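Residue numbers (our numbering): 4 to 223.
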């Protein structure tokens with residue numbers, strides 16, 4: 004059973020998500036919070052597996068809360084719920100270790116899949132968010148970007164490039180396995196090797212790096 008905490012300052016969204024997700028097999032909503040401080044207070048009392056974190060909240064926003072959560076409870080996964088108007092926040096949340104980035108206007112099936120994916124150690128990022136983040140920060144000076152050593156890139160195999168391309172499009176391991184005619188276990192093994200070769204932290208960094216350098220259309 005995946006234990007979930009919902010954090011959003013809008014009561015209607017909190018209540019709606021709580022009702023909907025509580026009806027899903029394998030998911031259990033343990034509580035709700037309306038700001039980052041309430042999230043931290045809740046985790047002190049009861050740990051959860053996944054937090055659905057609104058990026059804009061009063062008292063403490065989702066970015067700072069994500070940083071504190073990952074510092075104190077590193078195994079807790081955070082899925083950021085955002086809109087295309089949250090440019091200033093999404094990149095920081097990426098740096099602090101959020102595992103998922105989804106649009107609030109997205110469909111429920113995608114949200115449910117994201118919860119299960121990040122709980123199992125994967126990451127999900129809306130491709131549109133990745134592209135928007137890259138576009139925004141590529142035009143700003145002195146902005147941190149994801150660096151990968153050129154020698155590491157040269158060591159990638161053709162299949163590893165195929166997996167990187169699919170990750171850049173925001174696809175899950177299951178979707179990648181189907182598209183490349185591989186097993187999910189094989190895809191996970193390829194991802195592990197990619198992370199090791201490129202010295203990246205997680206799947207989300209791979210997605211941002213792939214979009215940033217134009218590797219989603221064709222291999223280098």
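Note that the Cβ used here is the ideal one computed from N, Cα and C, for glycine as well. Computed from a predicted structure; not experimentally measured.
Next on the checklist: Let's see if you can read the secondary structure: which residues bound the beta strand (DSSP E) around residue 103?
Outcome noted: Its beta strand (DSSP E) spans residues 103-106.
Checklist entry - By the 10 Å Cβ neighbour count, where 16 or more other Cβ atoms means buried, how is residue 101 classified, buried or exposed? => result buried
Next on the checklist: Given a cut-off of 8 angstroms on the beta-carbon distance, is the pair residue 65 and residue 52 in contact?
Outcome noted: no
Next on the checklist: Are the CB atoms of residue 159 and residue 200 within a distance shorter than 8 angstroms?
Outcome noted: yes
Item to check | Separation of residue 198 from residue 126, as counted between CA atoms | outcome: 13 angstroms
Checklist entry - In angstroms, rounded to a whole number, what distance separates the CA positions of residue 156 and residue 218? => result Taking the CA atoms as reference points, residue 156 sits about 12 angstroms from residue 218.
Item to check | Backbone CA spacing between residue 147 and residue 212 [nearest angstrom] | outcome: Because residue 147 sits at a pLDDT of 49, beneath the cut-off of 50, its placement in the model cannot be relied upon, and the following sentence gives the value as read from the coordinates. Each residue's alpha carbon lies about 12 angstroms from the other.
Checklist entry - Which word fits residue 181, buried or exposed, when buried means at least 16 other C-beta atoms lie within 10 angstroms of its C-beta? => result It counts as exposed.
Item to check | Cβ neighbour criterion (16 or more within 10 Å) applied to residue 31 | outcome: Of the other Cβ atoms in all chains shown, fewer than 16 fall within 10 Å of the Cβ of residue 31; this residue is therefore exposed.
Next on the checklist: I'd like the ranges of any beta strand (DSSP E) spanning at least 3 consecutive residues and lying wholly in the segment 27-71.
Outcome noted: Whole beta strand (DSSP E) segments, 3+ residues: 30-36 and 53-57.
Item to check | Residue interval of the alpha helix (DSSP H) (run including residue 82) | outcome: Premise fails: residue 82 lies in the beta strand (DSSP E), 80-85, not in any alpha helix (DSSP H).
Checklist entry - Name the DSSP bridge partner or partners of residue 127? => result 103
Next on the checklist: Threshold first: 4 residues or longer. Then list the alpha helix (DSSP H) segments lying entirely within the segment 161-210, N to C.
Outcome noted: 161-171, 176-183 and 187-201
Checklist entry - What is the DSSP secondary structure of residue 159, counted as helix, strand or coil? => result coil
Item to check | Per-residue DSSP class, three states only, for residue 118 | outcome: helix
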